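Engineer: Would you mind keeping the following structure in view while I ask a few things?
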Amino acid sequence: MFEPTSPDKFFDKVQDLKIEGTEDIFRVYQINPEEKKTVFVFHHGAGLSGLSYALLSEHLKSLINNQCGILCYDCRGHGKTQTSNDEDLSLATLSQDLVNICNALYPDPTTEFILVGHSLGGAIVADVASKQMLKKIFGLIVIDVVEGTALESLVHMQNVLLGRPTSFKSESEAIEWSITSHTIRNIESAKISVPSQLRKISGKTGDRYIWRANLTASEKYWEGKWYKGLSEKFISTKAPKLLIIASPDRLDKPLTIGQMQGKFQMEIFPECGHLMNEDAPDKIAAVLNEFYSRNKVFIPKRFNIPLRPSNRATAPPKN
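Residues 1 to 319 (the UniProt record's numbering) make up the sequence shown, in order.
Here it is as structure tokens:
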């Protein structure tokens, strides 16, 4: 019941991308990897991986009808990605990583990006979008992260981390824990994403699986770095914006005012937990597709119009 599911079938291409001029190698997952005018770029939350978007990407692929590319990746210090400094989870570094990956995979300067981020990923994509670090940003989508509530919850973060098991006997045991603890409410998604959050270590008593990301070591980046100014960055971004949350109670004052002024679209899914993109991937994918369809510019095809034939009589040629 809790056996892992291979992620291979959910993406058209999986590769380890080395960033030129660095020792950083990022695990990237793509759908429609060939050049597309518009690309959805997904950044996961802290402690997770790009595979937390696997089911969502599959649903989105079926909806966009091959019109867009989809890119997910394991950020620094997470999943299968290996960098020269995995503990540098500063906002500036993570934002630059996203830009480097996009520029390496999509060098065409006319490519438009729809940036989607969950939790920490939301802070990253808002930072990139507000600073216009990519040439063309089609849209900004943030999933279940709001500056006010994020800052308030940070005081409980260490307790949350201490409440997690430190290791598991198997990947299946970790998947089972994620479901029974209600961390993830979708077993099919958990079977794909949870194994990528672990790494195997060998000891005298046998193999154990521990968490890949060292979130405790990232504490220095939490309050004043990741989420500070998030609401202003989100609201000030010029591109179309969408906020997806599980409860309206999570809105802070700037976002409440901005929403009342119609500065961004908001969707609420009360049936979801914090990992919304895993809990309801089909519903989130439908909202993303609708966002894309509503905001894309329709350019009609141009056809050559034949010249109207002349009505004037033509004199017969002289002999």
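All C-beta atoms in this analysis are idealised placements derived from N, C-alpha and C, irrespective of residue type, glycine included.
In this text, all values refer to a predicted model and were calculated from it rather than measured experimentally.
Just curious, the alpha helix (DSSP H) that ILE179 is in, first and last residue?
Structural biologist: Unbroken alpha helix (DSSP H) run through ILE179: 171 to 180.
Engineer: Measure the C-alpha to C-alpha separation of GLU147 and THR22 and round it to an integer number of angstroms.
Structural biologist: Spanning the alpha carbons of GLU147 and THR22 requires a straight line of approximately 32 angstroms.
Engineer: Taking the alpha-carbon positions, what's the VAL14 to GLY206 distance?
Structural biologist: Straight-line spacing of the CA atoms in VAL14 and GLY206 works out to 30 angstroms.
Engineer: Tell me the DSSP bridge mates of VAL41?
Structural biologist: Partner(s): LEU71, LEU115.
Engineer: For ALA280, tell me which candidate among ASP252, LEU56, PRO109, ALA239 has the shortest Cα-Cα distance.
Structural biologist: LEU56
Engineer: Buried or exposed: where does THR180 fall if 16 or more other Cβ atoms within 10 Å of its Cβ makes it buried?
Structural biologist: Answer is exposed; the Cβ neighbour count stays below 16.
Engineer: So, with DSSP's three-state summary, where would you put ILE184?
Structural biologist: Here ILE184 carries a coil assignment [DSSP, helix/strand/coil].
Engineer: Check whether the Cβ atoms of THR5 and ILE192 lie closer than 7 angstroms to each other.
Structural biologist: yes
Engineer: Measure the alpha-carbon distance for MET157 versus LYS263 and round it to whole angstroms.
Structural biologist: 31 angstroms
Engineer: What residue does the beta strand (DSSP E) around TYR209 start on, and which one ends it?
Structural biologist: 206 to 211
Engineer: Given this structure, state the Cα-to-Cα distance separating ASP12 from ALA54, to the nearest angstrom.
Structural biologist: Using only the alpha carbons, I get a separation of about 11 angstroms.
Engineer: Based on the DSSP output, what are the partners of LEU242 in its beta bridges?
Structural biologist: ILE141, GLN265
Engineer: If we ignore side chains and look at the alpha-carbon of each, how far apart do SER95 and LYS80 end up?
Structural biologist: 18 angstroms
Engineer: Report the three-state DSSP secondary structure of GLY21 (helix, strand or coil).
Structural biologist: coil
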